[in-house]
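Residue numbers (my numbering): 1 to 267.
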């Protein structure tokens with residue numbers, strides 16, 4: 001797997017899965033345009049664009065600053081459920097802002113480029129929450145998030161359909177599937193990666209928010225390293241993955257498969 005001659009934009013490039021993805025791409029000969037609120041470590045990206053995924057003006061400016069003819073976009077930037085972030089912020093960053101940036105950045109992608117979105121196994125409940133997801137899709141901009149959160153009764157904590165983080169990832173997973181053919185005339189593929197627990201600095205926030213039962217279920221499958229997940233995300237950018245499109249790839253050591261079998265009475 002080589003990225004020689006390829007240029008990939010990576011959001012959330014200053015830490016965690018984003019930083020690890022940038023390292024992998026550069027180690028395999030590619031160039032990285034890193035986007036983040038915070039500047040990545042020196043030498044870890046080839047160009048840095050400061051970027052706030054909760055701010056419409058910043059999103060548009062960052063998309064405009066991207067170089068032309070990008071070969072891929074890794075949307076890694078996101079926030080956990082936390083006392084620092086209300087449900088409006090979580091939905092703004094994890095879905096509406098990401099969607100706005102992606103749609104603004106498509107004009108900077110080469111034909112045949114790939115978009116990979118970092119979703120989560122926390123979004124597994126999307127099939128039971130379609131009406132609310134459709135309501136969220138109707139939100140046209142960041143300005144509409146607060147009203148939508150109030151209308152839908154979205155809460156900060158928990159692991160339910162109306163919990164901010166799981167709901168944001170439900171929306172992202174479904175959107176990734178919906179738009180997988182939106183740019184098919186240009187050969188642009190769209191996929192998502194859905195990890196469970198990952199050993200990053202924000203893992204404690206998930207444990208605090210999701211509650212003891214959810215934490216216990218997750219702990220049965222261990223925690224991935226950032227590299228485990230970045231390897232999956234970067235693979236989806238490559239020609240070897242050309243026939244993977246519209247997929248939400250569960251990278252969770254079997255958590256999704258087991259939960260699906262249990263739900264359907266197979267376990």
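The C-beta atom is built at its ideal place from N, Cα and C for all residues, glycine as well.
Annotation note: the segment 27-115 contains the following uninterrupted beta strand (DSSP E) runs of length 3 or greater, listed N- to C-terminal: 31-36, 47-50, 70-75. Checking the DSSP bridge columns, you'll see residue 8 partnered with 32, 72. Excluding its 5 nearest sequence neighbours in each direction, residue 139 has C-beta neighbours in its own chain below 7 Å: 96, 145, 148, listed in chain order. The three-state secondary structure of residue 1, taken from DSSP, is coil. Within the same chain, and ignoring the five residues on either side of residue 47 in sequence, the residues whose Cβ sits closer than 6 Å to its Cβ are 33. Contact between the segment 111-119 and the segment 73-92 is present: three or more C-beta pairs spanning the two stretches fall below 8 Å. For residue 131, the enclosing alpha helix (DSSP H) has its first and last residue at 130-137.
The beta carbon of residue 153 is closer than 6 Å to those of 162 in its chain, skipping five residues each way along the sequence. In the DSSP annotation of this structure, the continuous segment of the alpha helix (DSSP H) that includes residue 232 starts and ends at 226-235. When the alpha-carbon of residue 9 is set against those of 247, 45, 2, the nearest one is in 45. 1 is the residue among 1, 49, 58, 176 whose C-alpha sits nearest the C-alpha of residue 28. Inter-residue distance for residue 18 and residue 11 is about 7 Å (C-alpha atoms, whole angstroms).
Considering only 24, 141, 177, the residue with the shortest C-alpha distance to residue 230 is 24. If you ignore the 5 residues before and after residue 169, its C-beta comes within less than 6 Å of the C-beta of 119, 120, 122, 123, all in its own chain and listed in chain order.
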